[in-house]
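Novice:
In the numbering used here, the protein residues as written are 594 to 959.
#1: Below 8 Å, can you find three or more Cβ-Cβ pairs linking the segment 848-859 to the segment 937-944?
#2: With respect to the alpha helix (DSSP H) encompassing residue 928, which residues constitute its N-terminal and C-terminal limits?
#3: From what residue to what residue does the beta strand (DSSP E) around residue 724 run?
#4: Helix, strand or coil for residue 911, going by three-state DSSP, please let me know.
#5: Per DSSP, residue 795 is paired with what?
#6: Based on the DSSP secondary-structure assignment, which residues constitute the bridge partners of residue 937?
#7: Can the beta-carbon of residue 570 be found less than 8 Å from the beta-carbon of residue 776?
#8: Starting from residue 813, follow the beta strand (DSSP E) in both directions and report where the run begins and ends.
#9: Excluding sequence positions up to five away, which residues of its chain have a Cβ less than 6 Å from the Cβ of residue 681?
#10: When DSSP labels each residue in this structure, what does residue 601 get in the three-state scheme?
#11: Please report the Cβ distance between residue 925 and residue 679, rounded to the nearest whole angstrom; I am assuming they are in contact, meaning their Cβ atoms lie under 8 Å.
#12: Between residue 865 and residue 959, how many whole angstroms is the CB-CB distance? I'm expecting something under 8 Å.
#13: Who are the near neighbours of residue 662 in its chain, counting only those whose CB is closer than 7 Å to its CB and skipping five residues on each side?
#14: Just to check my reading of the structure: residue 953 and residue 932 have Cβ atoms closer than 8 Å, yes? What is that Cβ distance to the nearest angstrom?
#15: Identify the continuous alpha helix (DSSP H) that holds residue 892 and give its terminal residues.
#16: Secondary structure at residue 698, three-state DSSP: helix, strand or coil?
#17: Can you find at least 3 beta carbon pairs, one from the segment 757-772 and one from the segment 860-879, that sit closer than 8 Å?
#18: According to DSSP, residue 678 sits in a beta bridge with which residue or residues?
#19: Name the two residues that bound the continuous beta strand (DSSP E) containing residue 752.
#20: Relative to the C-alpha of residue 825, which residue among 650, 722, 730, 713 is closest?
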């Protein structure tokens, strides 16, 4: 079986370092918000090119903390509207709602799967206070036009960069440094993955960073002195240690992902399989490699029969989820087409050339 993602194989490369670091962690006797978290925050801020990085418990919490902090600063208020791509992972929308804000669903572009700037402009109202730009599947959204539009209407831009670690935009800035603030997830399957839940916020806004640091730690800037009503959303010390080990290999791993993607795009020749748009730049890190097919179940069964594992990102459109019944009447045909027909193929930096060749062969035989 060619696995969709072989996490054991990916992390086995670091096993000796993990074990050494875990022993140091145990011996240190310091397990929460210690040296490893501080080091990772410095390392990842430097990597993204931002002034600040704040480690968090996961990517969803990172997004919620951004919105909550802007409310503490008086920039956002209850029921303000936040534009979100309609085809994003549900966490993007949950974050808006958990912060007491109102999501406004906007259709994506069918070729890139990222939010359509033309559709954003149609949905801007006096209540619109932010755009949540999701770099879906690892490809940076059209941030230049999004930022121009946001400046025109004096609204915030937040990046959901949970799938885009290391992606580089055309101005040579990385994902996480293209907006007012960005949220990352380091869930184990991400391009930069921990060995459990983990996340971070990156920003160049010092006041925002200071508020987020407080909110993630019970609202306190120092122990037992609580200035705000906060949460426990801290990055675990041991996960920070693992991320510090893996960060130096991220760019090389992303480059391997691009090479795999280029092989798929150039060598798959089957009109039944619609390949994703890619302009051969570094703006895509292929967190997942998605294709569109009709009769998805038949296609997946065919691949399973040939020992090729797939996933769907994502099988149900957010506005059709039972949790979001209030939005089920929305007419979002592009989003629904994507969620109905999308399939993710094997993609990782540890896929062998022979495995990629086999996947291509089976796809061409469909």
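For every residue, glycine included, the Cβ atom is placed at its ideal position computed from N, Cα and C.
Specialist: This is what the structure gives:
#1: A contact exists between the segment 848-859 and the segment 937-944.
#2: As a working note, residue 928 is residue 335 in the chain shown. Looking at the DSSP string, the run of the alpha helix (DSSP H) that includes residue 928 is 926-934.
#3: Walking along the chain shown from the start, residue 724 turns up at place 131. Residues 721-727.
#4: Taking the first residue of the chain shown as position 1, residue 911 is located at position 318. Helix at residue 911.
#5: On the chain shown, residue 795 is found 202 positions in, with the first residue counted as 1. 646, 775, per the DSSP bridge assignment.
#6: Walking along the chain shown from the start, residue 937 turns up at place 344. In DSSP, residue 937 forms a bridge with 883, 904.
#7: Residue 570 falls outside the range modelled here, since the chain spans only 594 to 959, and no answer is possible.
#8: Counted from its first residue, the chain shown places residue 813 at position 220. Note, residue 813: beta strand (DSSP E), 813-815.
#9: The residue labelled residue 681 in the question sits at position 88 within the chain shown. Within the same chain, residue 681 has close Cβ partners 727.
#10: If you number the chain shown from 1, residue 601 lands on position 8. In the structure shown, residue 601 sits in a helix (DSSP, three-state: H, G or I).
#11: Against the chain shown, residue 925 aligns to sequence position 332. Against the chain shown, residue 679 aligns to sequence position 86. Indeed they touch by this definition, with Cβ atoms about 5 Å apart.
#12: On the chain shown, position 272 is the one that residue 865 refers to. On the chain shown, position 366 is the one that residue 959 refers to. That belief holds up - the Cβ atoms of residue 865 and residue 959 are roughly 6 Å apart, short of 8 Å.
#13: Against the chain shown, residue 662 aligns to sequence position 69. Here the set comprises 801, 804, 805, 808.
#14: To locate residue 953, count along the chain shown from 1; it is residue 360. To locate residue 932, count along the chain shown from 1; it is residue 339. Actually they do not touch by this definition, with Cβ atoms about 25 Å apart.
#15: Mapped onto the chain shown, residue 892 falls at position 299. Its alpha helix (DSSP H) spans residues 889-898.
#16: Position 105 of the chain shown, counted from the start, is the residue given in the question as residue 698. The answer is strand: DSSP assigns residue 698 an E or B state.
#17: The segment 757-772 is in contact with the segment 860-879.
#18: Here the question's residue 678 lines up with position 85 in the chain shown. Looking at the DSSP assignment, residue 678 forms a beta bridge with 699.
#19: Looking up residue 752 in the chain shown gives position 159. Run containing residue 752: 749-753, per the beta strand (DSSP E) assignment.
#20: Within the chain shown, residue 825 is the residue found at index 232, counting from 1. Looking at the Cα atoms, 650 is the closest of the given residues.
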